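Note sheet for the following structure.
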Amino acid sequence: MRLKNKICVVTGASSGIGLACAAALQNEGGLVFGIDLNPAAAGGPPIIRADVSDETSVEHAVAEILARANRIDVLVASAGINLQGTVVTTPPDVWERLFAVNVRGTYLACRAVLPAMQRQKAGSIVIIGSNYGLVGGRNYAAYSATKGALVALTKAMALDHAAEGIRVNCVCPGTVETPMVTELMKTLGPDEIVATNARRKLQHPLGRIGQPHEIASGVVYLAGEESSFVTGTTLAIDGGFTAQ
Ligand code: NAI
């Protein structure tokens with residue numbers, strides 16, 4: 624029960640990594656509120672419907688959580704989207720949408736929970752970045768740029784809020800089997816699927832892609848007291864992807 628009675632907010636908690644983080648935090652005794660565009664998944668945490676890229680929407684969601692729970696101990700910012708493209712093939716509106724959800728959405732979620740954490744003089748924020756925030760992703764120009772921004776945001780926020788007792792860290796997953804990845808695979812032809820699976824094995828020295836619960840266990844560590852001296856760090860959970 625490493626998070627007993629801790630009030631945890633997870634964005635993107637209706638699917639994939641956010642859903643697994645919510646389950647792992649709950650298993651450790653945390654009381655989890657999800658924020659997502661989509662309704663709650665079966666067995667998932669209660670969801671307050673909100674678009675993280677919309678300031679009013681996020682503020683209302685966090686106000687509702689504070690009205691119910693009166694404090695926020697942990698934020699996991701997992702809501703994100705992923706679209707492929709080089710700088711040449713990514714139209715400006717797609718570029719802007721990726722930044723709106725991945726970067727602005729994370730900024731707005733942090734901005735909404737920080738006043739409560741400042742009042743409490745305690746809090747832990749875990750931002751879900753990506754291996755593509757640590758190294759470049761071929762044909763993922765906009766996505767890589769958003770995830771690189773989150774690594775820098777993590778460090779800046781860690782400095783700004785350390786004296787307030789608030790820690791900020793970033794988990795950078797390699798490829799993980801979630802709807803984000805499986806939906807993308809559905810757009811590929813049979814040969815492309817074989818090539819993509821072979822490439823992923825090579826890219827991840829452990830020889831496979833990750834499972835959502837493997838990301839969630841790192842998030843639980845960073846959310847709770849075991850990591851009390853850890854702030855401003857990036858934890859790659861990527862099967863060795865960025866070790867190469
Ligand atoms: P997913 O697509 O399974 O789940 C994302 C969730 O975020 C969904 O429930 C979706 O409704 C929600 N969401 C999207 N836009 C939103 C918005 N504007 N407002 C509120 N909620 C919104 O994706 P997955 O794989 O779980 O991704 C979670 C995070 O992990 C993302 O930030 C992603 O970039 C990151 N990541 C994922 C990897 C993977 O291979 N699956 C690898 C590295 C990072």
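First residue of the sequence shown: 624, per this note's numbering; consecutive thereafter. For every residue, glycine included, the Cβ atom is placed at its ideal position computed from N, Cα and C. In this text the structure is predicted, and so the values were computed from the model without any measurement.
request  = Can you have a look at asparagine 705 and say buried or exposed, based on whether 16 or more other CB atoms are within 10 angstroms of its CB?
outcome  = Buried, since its Cβ has 16 or more Cβ neighbours within 10 Å.
key: Supposed close pair threonine 857, valine 774 - CB separation, criterion 8 Å   = The beta carbons of threonine 857 and valine 774 sit about 6 Å from each other, so the pair counts as a contact at 8 Å.
query = How about the segment 730-749 and the segment 760-769: do they share at least three Cβ pairs that are nearer than 8 Å?
reply = These segments do not touch.
heavy atom of ligand 1 below 8 Å from leucine 660 C-beta = Yes, since a heavy atom of ligand 1 falls inside the 8 Å radius drawn around the Cβ of leucine 660.
task = Could you check if glycine 666 is buried or exposed, using at least 16 other CB atoms within 10 Å of its CB as the buried criterion?
result = Classified as exposed, glycine 666 has fewer than 16 neighbouring CB atoms from the shown chains inside 10 Å of its CB.
query = Out of Thr798, Ile816 and Val853, which has the shortest C-alpha to C-alpha gap to aspartate 861?
reply = The candidate whose alpha carbon is nearest that of aspartate 861 is Thr798.
C-alpha gap between arginine 790 and alanine 686, whole angstroms = The straight-line gap from Cα to Cα measures roughly 21 Å.
ask   = Going by beta carbon distance, what residues of the same chain come within less than 6 Å of asparagine 725, once the five residues before and after it are set aside?
value = Exclusion of the five residues before and after asparagine 725 leaves Gly703 and Thr769 as the residues of its chain whose Cβ lies within less than 6 Å of its Cβ.
With 16 other Cβ atoms within 10 Å as the buried cut-off, status of asparagine 792 = Counting the other CB atoms within 10 Å of its CB gives asparagine 792 a total of 16 or more, which places it among the buried residues.
key: Terminal residues of the alpha helix (DSSP H) in which serine 840 lies   = For serine 840, the enclosing alpha helix (DSSP H) begins and ends at 835-846.
task = Count the CB pairs spanning the segment 670-678 and the segment 651-660 that are closer than 8 Å, and state whether there are at least three.
result = Segments in contact, yes.
task = Measure the C-alpha to C-alpha separation of threonine 865 and asparagine 650 and round it to an integer number of angstroms.
result = The straight-line gap from Cα to Cα measures roughly 30 Å.
Own chain residues within Cβ distance below 6 Å of arginine 727, not counting five before or after = The residues are Ser676.
task = Enumerate in chain order the residues of its own chain whose CB-to-CB distance from glutamine 743 is below 7 Å, with the five nearest sequence positions on each side excluded.
result = Excluding residues up to 5 positions away in sequence, Arg694 lie with their Cβ nearer than 7 Å to the Cβ of glutamine 743 in the same chain.
request  = Alpha carbon to alpha carbon, how far is leucine 737 from lysine 835? Give it in angstroms, no decimals.
outcome  = Strictly speaking, residue 835 in this sequence is proline, with lysine absent from that position. Each residue's Cα considered, the two are about 27 Å apart.
query = When the Cα atoms are used, what is the spatial distance from proline 714 to lysine 627?
reply = About 46 Å.
request  = Answer yes or no: the CB of methionine 803 versus the heavy atoms of ligand 2, is any distance below 8 Å?
outcome  = Among the ligands modelled here, namely ligand 1, ligand 2 does not occur.
key: Supposed contact pair cysteine 644 and aspartate 696 - C-beta distance, whole angstroms, cut 8 Å   = Contact between aspartate 696 and cysteine 644 is absent: CB atoms are separated by about 14 Å, not below the 8 Å threshold.
message = Can you tell me whether serine 676 sits near ligand 1, meaning its C-beta is under 8 Å from at least one heavy atom of the ligand?
response = Yes, the Cβ of serine 676 comes within 8 Å of a heavy atom of ligand 1.
ask   = Which residue comes first and which comes last in the alpha helix (DSSP H) that contains asparagine 754?
value = Neither: asparagine 754 is in no alpha helix (DSSP H) and is coded neither H nor E.
task = Assign arginine 742 to one of three DSSP states: helix, strand, or coil.
result = Helix, per DSSP.
query = Just checking my contact of serine 747 with alanine 647 at CB under 8 Å: how many whole Å lie between their CB atoms?
reply = The distance from the Cβ of serine 747 to that of alanine 647 is about 14 Å, inconsistent with a contact at the 8 Å cut-off.
Separation of proline 813 from alanine 684, as counted between CA atoms = Rounded to the nearest angstrom, the two C-alpha atoms are 42 Å apart.
query = What do you reckon, are the CB atoms on tyrosine 763 and glutamine 707 nearer than 9 Å?
reply = Yes, they are a contact pair.
query = Going by the beta-carbon positions, is the gap between glycine 855 and histidine 827 smaller than 9 Å?
reply = Result no, Cβ atoms of glycine 855 and histidine 827 do not sit closer than 9 Å.
key: leucine 776 (DSSP reduced to helix, strand or coil)   = Leucine 776 falls in the helix class under three-state DSSP.
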